[in-house]
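>
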Amino acid sequence: MKERYPTKKIYVGDVAVGGDAPISVQSMTYSDTADVAATVEQINRLHFAGADMVRVAVPQMEDALALQQIKEQVSLPLIADIHFNYKLALEAAKWVDCIRFNPGNIGEKSRIKEIVKACKERNLPIRIGVNSGSLEKEFDQKYGSTAEGMVASAEYNIKYLEDLDFTDIKISLKASDVERTVDAYRMLRPKNNYPFHLGVTEAGTIFHATIKSAIGLGTLLLDGIGDTMRISITGELEEEIKVGKAILKDSGRLQEGLNIISCPTCGRIEADLVTAVAEVERRTAHIKTPMDVSVMGCVVNAIGEAKHADVAIAFGKGNGLIMVKGEVISKLPESQLVDAFVAEVEKFAEENK
Ligand code: SF4
16 MKERYPTKKI
26 YVGDVAVGGD
36 APISVQSMTY
46 SDTADVAATV
56 EQINRLHFAG
66 ADMVRVAVPQ
76 MEDALALQQI
86 KEQVSLPLIA
96 DIHFNYKLAL
106 EAAKWVDCIR
116 FNPGNIGEKS
126 RIKEIVKACK
136 ERNLPIRIGV
146 NSGSLEKEFD
156 QKYGSTAEGM
166 VASAEYNIKY
176 LEDLDFTDIK
186 ISLKASDVER
196 TVDAYRMLRP
206 KNNYPFHLGV
216 TEAGTIFHAT
226 IKSAIGLGTL
236 LLDGIGDTMR
246 ISITGELEEE
256 IKVGKAILKD
266 SGRLQEGLNI
276 ISCPTCGRIE
286 ADLVTAVAEV
296 ERRTAHIKTP
306 MDVSVMGCVV
316 NAIGEAKHAD
326 VAIAFGKGNG
336 LIMVKGEVIS
346 KLPESQLVDA
356 FVAEVEKFAE
366 ENK
């Protein structure tokens, strides 16, 4: 696997982003931010789901003013998402751990200077978030909504901050399709060493968003690009974290929890494998120890897979085998197999923490 691109390490609260820090997964609340109780509830749900940090929209002053109370009730690092109004950024900067804003859409230099000063005072990083759908007019006219336009916009916004001697920056370049997203990140990567926040934006419902994000972010992660990420799903908050972690795991950038190998089933199957795998997945979701397990519908491929798995199960006619490190440790009736398998997985996880 390719080495990760060597990026500058910055901190969003106590979470490091870039350098040798683990690639973090983040999401965004959809509550009215000024509704403190609803926003805190969503942030805590994301925390429970495994998010490393969370972003909240700050479109009005009442949202910015709610941030103090929100911050007091949550422990995940908080990012304020600001567009156009520098006063919102100044208020938010008193409470949050990172500001997302693009200097280009604030306009006046003195206002950008004030935001940068406020961020410097509290050691807050800034995310420049380029979105293909809202490029500055000059880049939109020159390049259209292309990867080149996104990169030009990012460089323009980076320069604004660098000219103010501010370099605690992370950058996102999101388009709503995979190709432009991947092209833009690849194009910008060699031009600086700031950490990248990856994402395909407005990616759709869970089915499509998962596929687009897995292709786009998976490609970039395999290239060694990416320091933090958000999966954009029209759906529930927890799904974004679940999909994000799965993409990190399957691209080899996160060693955590079970890698479940299960067969697609065929006419040789003699058990209800679909139910069994779903149950295994549900009952082992809490395990953090990295391990490979296989759950196979018959002995045809099960023995081969079991050789590479830490714990394996091979269903047969009315019974099945449990294997640990390729060795058969028990033969049990089908009704006892999942319970015994989960117990072995938990034991292995405990012994190999
Ligand atoms: S392991 Fe057995 S049941 Fe599963 S796909 Fe292979 S041959 Fe079919």
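Under this note's numbering, think of the first position of the sequence shown as 16, with each following residue one higher. Ideal placement from N, C-alpha and C gives every residue a C-beta, glycine not left out.
1) Helix, strand or coil: how does DSSP classify residue 243 here?
2) Of all the options 109, 128, 156, which has the alpha carbon lying nearest to the alpha carbon of residue 137?
3) Flag residue 113 as yes when its Cβ comes closer than 7 Å to any non-hydrogen atom of the ligand SF4, and as no otherwise.
4) Please state whether DSSP places residue 171 in a helix, a strand or coil.
5) How about residue 4: is its Cβ closer than 7 Å to a heavy atom in the ligand SF4?
6) Counting only the same chain and skipping the five closest in sequence on each side, list residues whose C-beta sits under 6 Å from that of residue 329.
7) Quick check on DSSP: helix, strand or coil for residue 179?
8) Quick one: residues in its chain with C-beta nearer than 6 Å to the C-beta of residue 368, no 5 flanking neighbours on either side, listed in chain order?
9) Where DSSP assigns a beta bridge to residue 351, which residues make up the other side?
10) Under the rule that 16 or more other beta-carbon atoms within 10 Å means buried, what is residue 348, buried or exposed?
11) How long is the line joining the alpha carbons of residue 425 and residue 272, rounded to whole angstroms?
12) Any heavy atom of the ligand SF4 closer than 7 Å to the Cβ of residue 312?
13) Below 8 Å on the Cβ atoms is my guess for residue 236 versus residue 268; work out the distance and round it to an integer in Å.
14) Using 10 angstroms around the beta-carbon of residue 63, count the other beta-carbons present and answer buried if the total reaches 16, otherwise exposed.
15) Under the criterion of a Cβ to heavy atom distance below 7 Å, does residue 30 qualify as lining the ligand SF4?
16) Mapping the DSSP letters down to three states, classify residue 165 as helix, strand or coil.
17) For my contact list, residue 78 and residue 48 are in at a C-beta cut-off of 8 Å; report their separation, rounded to the angstrom.
In brief:
1) Strand at residue 243.
2) Comparing Cα positions, the closest option is 109.
3) Residue 113: no, Cβ never under 7 Å from the ligand SF4.
4) Of the three classes helix, strand and coil, the one that applies to residue 171 here is helix, per DSSP.
5) Because residue 4 is not part of the residues shown, which for the chain are 16 to 368, the question remains open.
6) Setting aside the 5 residues that flank it on each side, residue 329 is surrounded in the same chain by 311, 314, 317, 335, 336, each with a C-beta closer than 6 Å to its C-beta; the list follows chain order.
7) Residue state for residue 179 is assigned as coil, using DSSP reduced to three classes.
8) Here the set comprises 304.
9) According to DSSP, which records beta bridges pairwise, residue 351 is partnered with nothing at all.
10) That one is exposed.
11) In the structure as shown, the chain starts at 16 and stops at 368, and residue 425 therefore has no counterpart that could be examined.
12) The ligand SF4 has a heavy atom closer than 7 Å to the beta-carbon of residue 312.
13) Yes, residue 236 and residue 268 are in contact; Cβ-Cβ is about 5 Å, under 8 Å.
14) That one is exposed.
15) Set against 7 Å, the gap from the CB of residue 30 to the closest heavy atom of the ligand SF4 is not smaller.
16) Residue state, collapsed to three classes: helix.
17) Their Cβ separation, rounded to whole angstroms, is 4 Å, which keeps residue 78 and residue 48 in contact under 8 Å.
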